[in-house]
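Notes for the one structure printed next.
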Amino acid sequence: MARGFVVDLNRCTGCQACVVACWMENRERQSLNWRKVHAYNAFRHPRLPVFHLSLACHHCERPACLAQCPAKAYAKDPATGAVIIDPDRCMGCRYCTWACPHDAPKFSDSRRTIEKCTFCLERLKDGLEPACVARCPVEALSIEAERSDVTIPMPGFPETDLKPGIRFVPLRRQEPPELTAPVPVSAVTRFLYQVLDVPDRKITLRGEWTLVIFTTVLSILVAWFAAAGMSGSSVNPWVFLASGVGAMALSAWHLGQPLRAWRALLNLRSSRLSREIALVMAFLGLAAIQLFCLPTSRMLALAATVMGFACLFSVDRIYWVAFRTGPWNLHSAHVFLNGLYLLGWLSSLWWLAGIAGVFKLLLYLHRKRSFMGYGLKPRWALSAIRLLLGFVAPALLEPLGPSLAACSVVAGDLLDRCEFYAELDIITPPQHMRLGMKERLNRDAEVT
Amino acid sequence: MKVRVEEGRLVSIDPHPGNRATPEGPCLKGLSYLERVYSPERILHPLRRKPDGGFERIQWDDAFDLMAERLTKAKAKGGPQSVLYYAGSGTKGLLNGCGLAFWRLFGGCTTTYGDLCWPTGLEATRLTLGDNRANAPWDLAHARLIVMWGKNAAETNLHQMRFVEQALERGATFIVIDPRRTQTSERAHLLVQPKPGTDGALALGLAHLIIQEGLVDRDFIEAHVHGYEAFARSVEPWTPDRTEAVTDVPAVYIRRLAEDLGRVKPATICVGFGMQRYTNSGQTIRAILALLAITGNIGKPGAGWIYANLATQIFGSVKDPLDCYPPEEQGAVRVSVSVARLGRDMLAQRNPELSFAWVERGNPVSQNPETSKVLEAFRRLDFRVVVDERLTDTAREADLVLPSKSLFEQSDVIGAYWHGYLQLRQKVIQPPGEVKPESEIYRGLGLRLGMPQTELDAILPGVEDDAVEAWLQSRLDPFGITLDQLREGPVTAPGMEEIAFADGVFPTPSGKIELVSEEAVTRWNVDALPSYREPGESTASGRAKYPLQLLSPNTKNGIHSQFLTLQVIRQFEAGPMLFMGPEDAATRGLRAGDDVRVFNDRGELRLPLKIDFGLRAGVVIAVNGWELQNGGTVNLLSEGRETDMGHGAAFHDNVVNVEKSR
Chain A
1 MARGFVVDLN RCTGCQACVV ACWMENRERQ SLNWRKVHAY NAFRHPRLPV
51 FHLSLACHHC ERPACLAQCP AKAYAKDPAT GAVIIDPDRC MGCRYCTWAC
101 PHDAPKFSDS RRTIEKCTFC LERLKDGLEP ACVARCPVEA LSIEAERSDV
151 TIPMPGFPET DLKPGIRFVP LRRQEPPELT APVPVSAVTR FLYQVLDVPD
201 RKITLRGEWT LVIFTTVLSI LVAWFAAAGM SGSSVNPWVF LASGVGAMAL
251 SAWHLGQPLR AWRALLNLRS SRLSREIALV MAFLGLAAIQ LFCLPTSRML
301 ALAATVMGFA CLFSVDRIYW VAFRTGPWNL HSAHVFLNGL YLLGWLSSLW
351 WLAGIAGVFK LLLYLHRKRS FMGYGLKPRW ALSAIRLLLG FVAPALLEPL
401 GPSLAACSVV AGDLLDRCEF YAELDIITPP QHMRLGMKER LNRDAEVT
Chain B
1001 MKVRVEEGRL VSIDPHPGNR ATPEGPCLKG LSYLERVYSP ERILHPLRRK
1051 PDGGFERIQW DDAFDLMAER LTKAKAKGGP QSVLYYAGSG TKGLLNGCGL
1101 AFWRLFGGCT TTYGDLCWPT GLEATRLTLG DNRANAPWDL AHARLIVMWG
1151 KNAAETNLHQ MRFVEQALER GATFIVIDPR RTQTSERAHL LVQPKPGTDG
1201 ALALGLAHLI IQEGLVDRDF IEAHVHGYEA FARSVEPWTP DRTEAVTDVP
1251 AVYIRRLAED LGRVKPATIC VGFGMQRYTN SGQTIRAILA LLAITGNIGK
1301 PGAGWIYANL ATQIFGSVKD PLDCYPPEEQ GAVRVSVSVA RLGRDMLAQR
1351 NPELSFAWVE RGNPVSQNPE TSKVLEAFRR LDFRVVVDER LTDTAREADL
1401 VLPSKSLFEQ SDVIGAYWHG YLQLRQKVIQ PPGEVKPESE IYRGLGLRLG
1451 MPQTELDAIL PGVEDDAVEA WLQSRLDPFG ITLDQLREGP VTAPGMEEIA
1501 FADGVFPTPS GKIELVSEEA VTRWNVDALP SYREPGESTA SGRAKYPLQL
1551 LSPNTKNGIH SQFLTLQVIR QFEAGPMLFM GPEDAATRGL RAGDDVRVFN
1601 DRGELRLPLK IDFGLRAGVV IAVNGWELQN GGTVNLLSEG RETDMGHGAA
1651 FHDNVVNVEK SR
């Protein structure tokens, strides 16, 4: 029977004993905390209550980590519903940490693989409660024999269709205690963003620069190959192959366990990452066969081109798990769009460059506008350079040769892609809490 | 708690279901012993100070020789009373009594009186009720009204919150009185935020209203209260307007609170130790107790006074607050140094002056008031021995540091001060390295000093585990308790009652609850009735030299200076910091995270600033427990000053200012 956690918000005092209890039980296979206690309104805004969510893994019925793991490192225990990772099968790609909105899988910098809550499977099998539950001093944590599907909106807990095995007993009163000397809200406002905006982003450009290079090289290779095929010429097979293999190697190098990179192909059935890697390999493989063995086969060139764009499409699909991606995950740094735009310039297909360019431009402006709405800093100078390189300079350079124009397009798109990674984020419980707080405070402000 | 040991090593810590007060789990600190016992910071062998100020490892034989030589010299020069014996409350247990017994055998010593922790409240309670007893912890679940006054149980008495929650689940009303908004007040319906140190005025104002509105329990007063009429007259001037003016609690809330206290029954008031750390706090506690007396909320299920329960303190020296006071006639042991004024009193000792100090279970440099004076006094001595688990600020001042045992390395019997269980703390692992329990240190030193073996045997247990257990059993015999019983689980202390004072017998001079106490006058020179005076150093009426009242409460992450250095704790408590409300920060142009200078005439501290929207203007917080070696103790700013009764330390009579660090 799948079991589930229950967290009683009235009882939890945020004492952290559960975190230490978890460490006590699992410290030999744990290099960082699997359970975290998240405080809502830790700075005690007078309009909001303070409460704590003690969260580890919710052992979802449809776990995103398991579905998206390319290496099939995850398994679900049929008896308890526990979602278990086998660190020996993990290649350290960290994609599960993006896929899980509850921050359950944790990447261990020391072990270079993922670790996570095991539901204390051995204890459950022995008829014991998980360590965190057994040692909670105030009975705030418990487990139920059977999961209930009742979920309530809860700051810190994004609603998904993953069917997480956790239930919250909500606060009896959603309001803070009545205060006889509340700090005036006007005095709070000045400091609110100093305490509210704590940077703790999961994805950063600095951390993911290898992916920027990999995806950009891929879009160049696809457009270059396609353009050559259309013009009847062909690309330099050695340069092409070296770039492709180099990009692949670079992306493997950023894995926690590069030697297990081969495992990336194990989960084509459900992992977007597996599919992406497979399609990249198919594109490079087909293109290489065409270039080296059958340079005259137009059919094979066409097939490789189609495969190339399919692989760019699959790259973009990876980022569906990110937060604030907008409808259909469309954005101006989409590698699929980049490939089409570049192809337009390389092949002098003005209609293609025009349509893709206008589309990208609109998406870029839209993204900037919406990210400013989230309180992210606009970088005007960078945007100006990006627009100049990507859209203005190619037109000016085109008379000097399509490759110069293409270089400018690539430079512009690279900047865009870097910005995209810098802005990209994954929702986490504390971030969800902060958004919830902001929303409630804004709502309150409108009412008053 | 229950601990699991595999191959001689501690592997896990779990709750003991036999303790009804804490059956669900130890707190964070209890669990963290798993790290503490094996911490790389632990001292595993004697350390001697080197001329360059560092420490070097020495053999026990050399340590005993050194101590014997220095003690003999001190005794020859100034007599045994030139030796200061300072024992804190870092670990509890029957065997702690060995220390003073040893020093008596030595010929005497100088030692301290009073207590840093709780004596003011104990004395106020003793004067009023005759004894420090309380209902069983779980009885709180029966209260219909819980007033937690100056107490943050969620951090300092976590397990009590379980019973608060049980009462709330049954529909009880929960009110917290605290200048701070805390994790405890988060569960409350109402948080009353008086100016720090004005709680006594609030209690008198509440009594005024309860009496005026006729909400008193006439029958109970008739039967059990001494001095009611005089008390009623004395609170007449405490109108809601005057109370509001003094406490800054709006009259409307004073009325509401009085209404609740007068009408909702049964009511329990839980008082924290922090509130009795002002110079006026004995009288404050008496005033709060009076509220329960006049509403008949004592001796009944769900009703009563939860401050400290001394039911388990049956073994002597800490049995009663009276034992913390200087004796009327001094004997071989000179009890002449107030812990509250430790530094000043050490420097003031004459005939003989102090030349040698022995410190165990305590860290006075960072934890007693007025660090600069404590340091001065310690540095003026000829020789200092500190027994501790790690190099605390005090150990760093020592000439010789001796390693101390952890609680798993020698069996002992412990009491409690909230629940009523006696418990056996069994030896489950061998002391690491060359660690010796204090009883063995004293034995070794005694032999080296030429004390007769038979006399040492009379006061100290033998070295073997069996001998320790036999020693403990001999102390348990008078109470009819056996170690075997304790091995099974916690045993209720003899005399522990489910409902304290249910028989209506109050061991006071009048046999009743005393609102008028002659002893308060004769012993402490305060008014016979509970009364309010502003604390000696307070911002309450705006006359203080500095504008901010600094409170130095405890955090859930430590017990004073214990635990805070552990990694498992440090992940939740990064280091010392100053908490300030947004209004005070704005007037000083400060931002969250700024480095600030907290100062008064006694000293200064530099801390990162944390903005706390729950803090009213005029109050700043820095938790106590951080040491000089962590960036500074709050006691650099406090003054060595006693409370109005019980020889407590008035830590919170402390005003400061804050500015941006330059």
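First to last, the sequence lines map onto chains A and B. So in my numbering, spot 55 of the first sequence is number 55, and the numbers just go up one at a time. So in my numbering, spot 401 of the second sequence is number 1401, and the numbers just go up one at a time. Ideal placement from N, C-alpha and C gives every residue a C-beta, glycine not left out.
Rounding to the nearest angstrom, what Cα-Cα distance links residue i and residue j in this structure?
i       : j       : result
R1602/B : L1637/B : 5 Å
A261/A  : S270/A  : 18 Å
A1592/B : V195/A  : 7 Å
E446/A  : A181/A  : 23 Å
E1244/B : E1229/B : 24 Å
P402/A  : L363/A  : 25 Å
M1275/B : R1004/B : 38 Å
T80/A   : T428/A  : 25 Å
K368/A  : E208/A  : 21 Å
Q1567/B : E1573/B : 10 Å
G1669/B : L1031/B : Nothing about residue 1669/B can be read from this structure; chain B reaches only from 1001 to 1662.
List, in order along the chain, the chain B residues whose C-beta lies closer than 9 Å to that of residue i?
i      : result
R167/A : Residues of chain B passing the Cβ test: none, with the nearest at roughly 17 Å.
Q431/A : Within 9 Å Cβ-Cβ: nothing; Q431/A doesn't reach chain B, min ~19 Å.
Tell me whether the beta-carbon of residue i lies closer than 8 Å to the beta-carbon of residue j.
i       : j       : result
A1377/B : G1114/B : no
T1184/B : L1289/B : no
Q1283/B : G1227/B : no
L205/A  : V335/A  : no
R123/A  : A21/A   : no
C15/A   : L1158/B : yes
V1468/B : L1422/B : no
Just the chain A side, please: which residues come within less than 8 Å of residue i by C-beta, in chain order?
i       : result
P1026/B : A17, R135 and P137
Q1330/B : The premise fails here: Q1330/B is roughly 45 Å from chain A at the closest Cβ pair, so nothing lies under 8 Å.
Q1193/B : L179, T180 and A181
Y1253/B : T180
Apart from the five residues just before and just after residue i, which ones in its own chain have a Cβ nearer than 8 Å to its Cβ?
i       : result
T1394/B : V1359, G1362, N1363, P1364, V1365, S1366, F1378, V1386 and D1388
R1606/B : D1595, V1596, R1597, V1598, G1631, G1632 and S1661
S1082/B : A1074, K1075, T1110, P1352, E1353, L1354, S1355 and F1356
Y40/A   : L48, P49, V50, F51, H52, L53, P155, G156, M433, G436 and M437
Leaving out five residues before and five after residue i in sequence, what residues of the same chain have Cβ atoms less than 7 Å from its Cβ?
i       : result
R997/B  : The shown model of chain B, from 1001 to 1662, leaves out residue 997/B, and the question about it has no answer.
T160/A  : P101
P1576/B : L1607, A1622, W1626, N1630, G1631 and G1632
Q290/A  : S297, L300, A301 and A304
Could you pull out every residue in the same chain whose Cβ sits closer than 6 Å to the Cβ of residue i, ignoring the five residues on either side in sequence?
i       : result
L415/A  : R386
Y1278/B : G1197, P1535, A1650, H1652 and D1653
A1416/B : T1312
D1345/B : V1337 and S1338
For the putative contact between residue i and residue j, defined by C-beta atoms under 8 Å, what is the C-beta separation to the nearest angstrom?
i       : j       : result
L1402/B : P1046/B : 5 Å
D1465/B : S1411/B : 7 Å
V1413/B : L1424/B : 6 Å
T1091/B : L1407/B : 6 Å
M274/A  : L265/A  : One point to set straight first is that residue 274/A is Ser, not Met, in the sequence displayed. Sure, about 6 Å apart at Cβ, within 8 Å.
E178/A  : L1476/B : Incorrect: roughly 50 Å between the Cβ atoms, too far for contact.
C132/A  : C18/A   : 4 Å
T216/A  : D413/A  : 7 Å
Mind listing the chain A neighbours of residue i? Cutoff is C-beta to C-beta under 9 Å, in chain order.
i       : result
G1581/B : V183 and A187
Which chain B residues are close to residue i, counting only those with a beta carbon under 8 Å from its beta carbon?
i      : result
G344/A : Going along chain B, no residue has its Cβ under 8 Å from G344/A, so there is no contact; the nearest lies around 49 Å.
W34/A  : Per Cβ cutoff of 8 Å: no residues; W34/A is ~13 Å from chain B at best.
Below 7 Å on C-beta distance, what does residue i contact in chain B?
i     : result
R11/A : E1165
G14/A : Q1183
For a contact defined as C-beta to C-beta under 7 Å, what are the partners of residue i on chain A?
i       : result
F1572/B : Q16
Residues from the region 39-64 of chain A in contact with chain C, defined by Cβ distance under 8 Å: This model lacks chain C altogether, as its protein chains are A and B.
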